[in-house]
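**Student:** This note's numbering numbers the first residue of the sequence shown as 49 and each following residue consecutively.
The structure that follows is given in the form of structure tokens.
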Amino acid sequence: MAERERKGLVARWLEGKERDEDYARSTLPTNRWALFWDILKGRIGRLMLTNLLMLLTFLPVVAVVIWRILQIYSQGLLGPYGAGLGVGYPVIPNIAGTAEINVLYSDLVFFALFIPCGLIAAVGISGGAYIIRNLIWTEGIFVANDFLRGIKRNYWNVAEAVLIFTLLLFVARAMGNLADFFVAVGSPYAGWMIASKVFGYVLVAFAFLVCIWMIALGISYKQGPWALLRNAVVMTVGTFPQTVFFAFLAGWPVLLVIFGGSSFVTPIGVVILALIGISYFFLVWLDFAQWAFDKYVNPNFGFEVGRGLYNKDKSKQSAPSAEPPAEDSAAMREYRRMIVAAGKSTLVSRPIKPIDDGLEIYQLPESFSREDLQKLRESKQIIEDDSKAYVEEHMNDAQYVEYNKQFEEREKALAGEDEKNGKKKKPPKPPKMLNKRK
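Below you can see the structure in the form of structure tokens.
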């Protein structure tokens, strides 16, 4: 017996485990965390390219943000906000609330501009999120083609989510600026305005969670505008702790930019967003959303569970219950009915004329005329009429009557089971929550 060749450490390290029969399977992701790291490590180039395509549609939003920052900064330098520091132009005897009202007027313009800019950004979100969803489903992608296909399929769902969020952000910001103005001028209604400001910001935070759920649902299932909003609220409330955690985990680069201040943290966040931050956000969020769909949605509506994952141990799958539910029994009855229908042979259930009756089809000569074609047609018609006459003559023979009676009794028995269980055959309807996977 030949001895097995012993290789050195370097050779084994270079060759790896390619001879191990479990090597290929051991590298496949078996859970959503492993799938996230597998995509992040192995598809980093495509994620960056997708991020660039989405970033191009975010440029109007970035321009509005920079314009607002410069406008507020210039007003802080030029505005007469220092009381008792000398007479300026124009002369304002009482400057209380001047800064707040100027911010209010500026934000009314800038946050109104966010609405159309957000609809432009929805173009990139619909295309980029569709690509990332396909990566999570481990489907082959072509970035440019799938980006355009995602825009075509998902734009209106994404636009609905973006429109809801930007409108609520506009209203909440306006109420917040009004509250600051009433507090500055000492209005007796300042307390109510502060309460409305707090409520508005809480509503915007909740609307953000609902809207990112709308995006996840919109690119995974076909549903109407109202159903999309309703289902997003259901998913947000039903998975609220996990939703908050993964929204924070996905959006930390954005938080670096917003709350980084003037330190070096903000430039780091900007670089991350420019390179891969937007794709990273949707990769984390859609990966979590697929976990939630597999747990709460797909099993209930017959969709595929664990898409993109490798089931390492099939023995851990839940075994069917001993007593099937009503839907299973109805399906089984339908299956038996199909078996009965398929088992009813047309060769046995009706008479077939033997072919030894001497009737033949007219054979066309090598050179034939219209008369020959007419003779061919007449010979076929004679055989067809003779076969029909034979079937009508022997249809009531005992062997055919007995054979058909057996299957009729079985069909009546199945129909009786349906009536006994109170089941009436109705055309299938789409689920109330979700209609159809894209």
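Just so it is clear, CB atoms sit at the ideal spot from N, CA and C, and this is done for glycine as well.
My guess is that LEU196 and ALA220 are in contact by the Cβ rule of under 8 Å, so how many angstroms apart are they, rounded?
**Tutor:** As a working mapping, residue 196 is identified with position 148 in the sequence shown. As a working mapping, residue 220 is identified with position 172 in the sequence shown. Incorrect: roughly 34 Å between the Cβ atoms, too far for contact.
**Student:** Is it true that the CB of GLY299 sits closer than 8 Å to the CB of PHE254?
**Tutor:** One-based indexing of the sequence shown puts residue 254 at position 206. One-based indexing of the sequence shown puts residue 299 at position 251. Contact: no.
**Student:** For ILE267, which of VAL157, ILE184, ASN79 has the nearest alpha-carbon?
**Tutor:** Residue numbering aside, residue 267 sits at position 219 when the sequence shown is read from its first letter. For ILE267, the nearest C-alpha among the options comes from ILE184.
**Student:** Is there contact here, the region 155–169 with the region 205–218, by at least three beta-carbon pairs under 8 Å?
**Tutor:** yes
**Student:** Note down, in chain order, each residue of its chain lying with its Cβ closer than 6 Å to the Cβ of TYR410, except the 5 sequence neighbours on either side.
**Tutor:** Along the sequence shown, read from residue 1 onward, the residue named residue 410 stands at position 362. So the list reads LYS423, LEU424, SER427, once near-sequence residues are dropped.
**Student:** Identify whether TYR328 lies in helix, strand or coil by the three-state DSSP scheme.
**Tutor:** In the sequence shown, the residue the question calls residue 328 occupies position 280. Three-state result, TYR328: helix.
**Student:** By the three-class DSSP mapping on this structure, what secondary structure does TYR42 have?
**Tutor:** This structure gives no information on residue 42, because the portion of the chain shown stretches from 49 to 486.
**Student:** Quick one: which unbroken alpha helix (DSSP H) runs of 4-plus residues sit fully inside the region 255–327? Chain order, please.
**Tutor:** 273–286, 288–307, 313–320
**Student:** Could you check the C-alpha separation between GLU148 and SER122 for me, to the nearest Å?
**Tutor:** Locating residue 148 in the sequence shown gives position 100, where the first residue counts as 1. Locating residue 122 in the sequence shown gives position 74, where the first residue counts as 1. Distance from the CA atom of GLU148 to the CA atom of SER122, rounded to whole angstroms, is 14 Å.
**Student:** What do you get for VAL345, buried or exposed, if any count of 16 or more other CB atoms within 10 angstroms of its CB means buried?
**Tutor:** Reading the sequence shown from its first residue, position 297 is the one you call residue 345. So VAL345 counts as buried.
**Student:** Should LEU357 and LEU118 be called a contact, given that it needs their Cβ atoms to be closer than 8 Å?
**Tutor:** Along the sequence shown, one-based indexing puts residue 357 at 309. Along the sequence shown, one-based indexing puts residue 118 at 70. In this structure, the beta-carbon distance from LEU357 to LEU118 does not fall below 8 Å.
**Student:** With a CB to CB cut of under 6 Å and the five nearest residues on each side skipped, what residues in its chain are close to THR291?
**Tutor:** Indexing the sequence shown from 1 puts residue 291 at position 243. Same-chain partners within the cutoff: LEU257, THR284.
**Student:** What's the gap between the Cα of ILE92 and the Cα of LYS245?
**Tutor:** Indexing the sequence shown from 1 puts residue 92 at position 44. Indexing the sequence shown from 1 puts residue 245 at position 197. Cα to Cα, ILE92 sits roughly 41 Å from LYS245.
**Student:** Using the C-alpha atoms, what's the distance from MET96 back to ALA337?
**Tutor:** Against the sequence shown, residue 337 aligns to sequence position 289. Against the sequence shown, residue 96 aligns to sequence position 48. In a straight line, the C-alpha of ALA337 is about 21 Å away from that of MET96.
**Student:** Mapping DSSP to helix, strand and coil, what is SER235?
**Tutor:** To locate residue 235, count along the sequence shown from 1; it is residue 187. Reduced to three states, the DSSP call for SER235 is coil.
**Student:** Assign PHE294 to one of two classes, buried (16 or more other C-beta atoms within 10 Å of its C-beta) or exposed (fewer than that).
**Tutor:** Reading the sequence shown from its first residue, position 246 is the one you call residue 294. With 16 or more other Cβ atoms within 10 Å, it is buried.
**Student:** According to DSSP, is LEU412 part of a helix, a strand, or is it coil?
**Tutor:** Position 364 of the sequence shown holds residue 412. Coil.
**Student:** Determine the burial state of GLU371: buried for a count of at least 16 other Cβ atoms within 10 Å of its Cβ, exposed for fewer.
**Tutor:** Taking the first residue of the sequence shown as 1, we reach residue 371 at position 323. Low per-residue confidence applies at GLU371: pLDDT is 41, beneath 50, and the placement is therefore not dependable, though the value from the model is reported in the following sentence. It is exposed - the Cβ of GLU371 has fewer than 16 other Cβ atoms within 10 Å.
**Student:** Whole angstroms is fine: what's the gap from VAL210's alpha carbon to ARG201's?
**Tutor:** Here the question's residue 210 lines up with position 162 in the sequence shown. Here the question's residue 201 lines up with position 153 in the sequence shown. Cα to Cα, the separation comes out at about 16 Å.
**Student:** How should LEU412 be labelled, buried or exposed, when 16 other C-beta atoms within 10 angstroms of its C-beta is the threshold for buried?
**Tutor:** Taking the first residue of the sequence shown as position 1, residue 412 is located at position 364. With fewer than 16 other Cβ atoms within 10 Å, it is exposed.
**Student:** In its own chain, which residues sit with a C-beta less than 6 Å from the C-beta of SER366, not counting the 5 before and 5 after it?
**Tutor:** Translated into the one-based positions of the sequence shown, residue 366 becomes position 318. Low local confidence applies: a pLDDT of 43 at SER366 is under 50, so the model's placement there is unreliable, and no value is given.
**Student:** Relative to the C-alpha of LYS89, which candidate in PHE230, ILE324, TYR438 has its C-alpha closest?
**Tutor:** By 1-based counting over the sequence shown, the position of residue 89 is 41. Its Cα nearest to that of LYS89, the residue ILE324 stands out among PHE230, ILE324, TYR438.
**Student:** How is the alpha helix (DSSP H) around THR186 delimited, first residue to last?
**Tutor:** Position 138 of the sequence shown, counted from the first residue, corresponds to residue 186. Counting along the chain, THR186 falls outside any alpha helix (DSSP H), and DSSP gives it neither H nor E.
**Student:** So, is GLU414 buried or exposed, given that buried needs 16 or more other C-beta atoms within 10 angstroms?
**Tutor:** Against the sequence shown, residue 414 aligns to sequence position 366. Exposed, because fewer than 16 other Cβ atoms sit within 10 Å of the Cβ of GLU414.
**Student:** Cα separation between ILE400 and TYR438?
**Tutor:** Here residue 400 corresponds to residue number 352 of the sequence shown, with the count starting at 1. Here residue 438 corresponds to residue number 390 of the sequence shown, with the count starting at 1. Going from the Cα of ILE400 to the Cα of TYR438 covers about 8 Å.
**Student:** Can the beta-carbon of VAL206 be found less than 8 Å from the beta-carbon of PHE158?
**Tutor:** Residue mapping note: residue 206 aligns to position 158 of the sequence shown, counting from 1. Residue mapping note: residue 158 aligns to position 110 of the sequence shown, counting from 1. Not a contact, by the Cβ cut-off of 8 Å.
**Student:** Note down the Cα distance separating TYR249 from ASN359, rounded to an integer number of angstroms.
**Tutor:** Residue mapping note: residue 249 aligns to position 201 of the sequence shown, counting from 1. Residue mapping note: residue 359 aligns to position 311 of the sequence shown, counting from 1. Going by the C-alpha atoms only, they are around 43 Å apart.
**Student:** Return the residue from the list ASP194, ASP155, LEU156 that minimises the CA-CA distance to GLY172.
**Tutor:** Position 124 of the sequence shown, counted from the first residue, corresponds to residue 172. Residue ASP194 is the option with its Cα nearest to GLY172.
**Student:** Who are the Cβ neighbours of MET241 in its own chain at under 8 Å, not counting the five residues just before and after it?
**Tutor:** Numbered from 1 along the sequence shown, position 193 holds the residue referred to as residue 241. Result list for MET241: MET223, LEU226, ALA227, PHE230, VAL231, SER235, in chain order.
**Student:** Could you work out which residue in ASP155, VAL318, PHE296, ASP342 is closest to LEU265 when comparing CA atoms only?
**Tutor:** As a position in the sequence shown, residue 265 is number 217, starting the count at 1. Considering only alpha carbons, the answer is ASP342.
**Student:** Do ILE199 and ILE189 have their C-beta atoms within less than 8 Å of each other?
**Tutor:** In the sequence shown, residue 199 corresponds to position 151, counting from 1. In the sequence shown, residue 189 corresponds to position 141, counting from 1. Not closer than 8 Å, so no.
**Student:** Would you kindly work out how many angstroms separate the C-alpha atoms of GLU456 and VAL353, rounded to a whole number?
**Tutor:** Position 408 of the sequence shown, counting from 1, holds the residue named residue 456. Position 305 of the sequence shown, counting from 1, holds the residue named residue 353. Near 40 Å, if we compare the C-alpha coordinates of VAL353 and GLU456.
**Student:** Judging by CA-CA distance, which residue of VAL281, ILE326, ILE431 is the nearest neighbour of LEU303?
**Tutor:** Counting from 1 along the sequence shown, the entry for residue 303 is found at position 255. If we check each option's Cα against that of LEU303, ILE326 comes out closest.
**Student:** Leaving out five residues before and five after SER377 in sequence, what residues of the same chain have Cβ atoms less than 6 Å from its Cβ?
**Tutor:** Counted from its first residue, the sequence shown places residue 377 at position 329. For SER377, the pLDDT reaches just 46, beneath the cut-off of 50, and the residue's location in the model is therefore unreliable, although a value from the coordinates is still provided. Same-chain partners within the cutoff: there are none.
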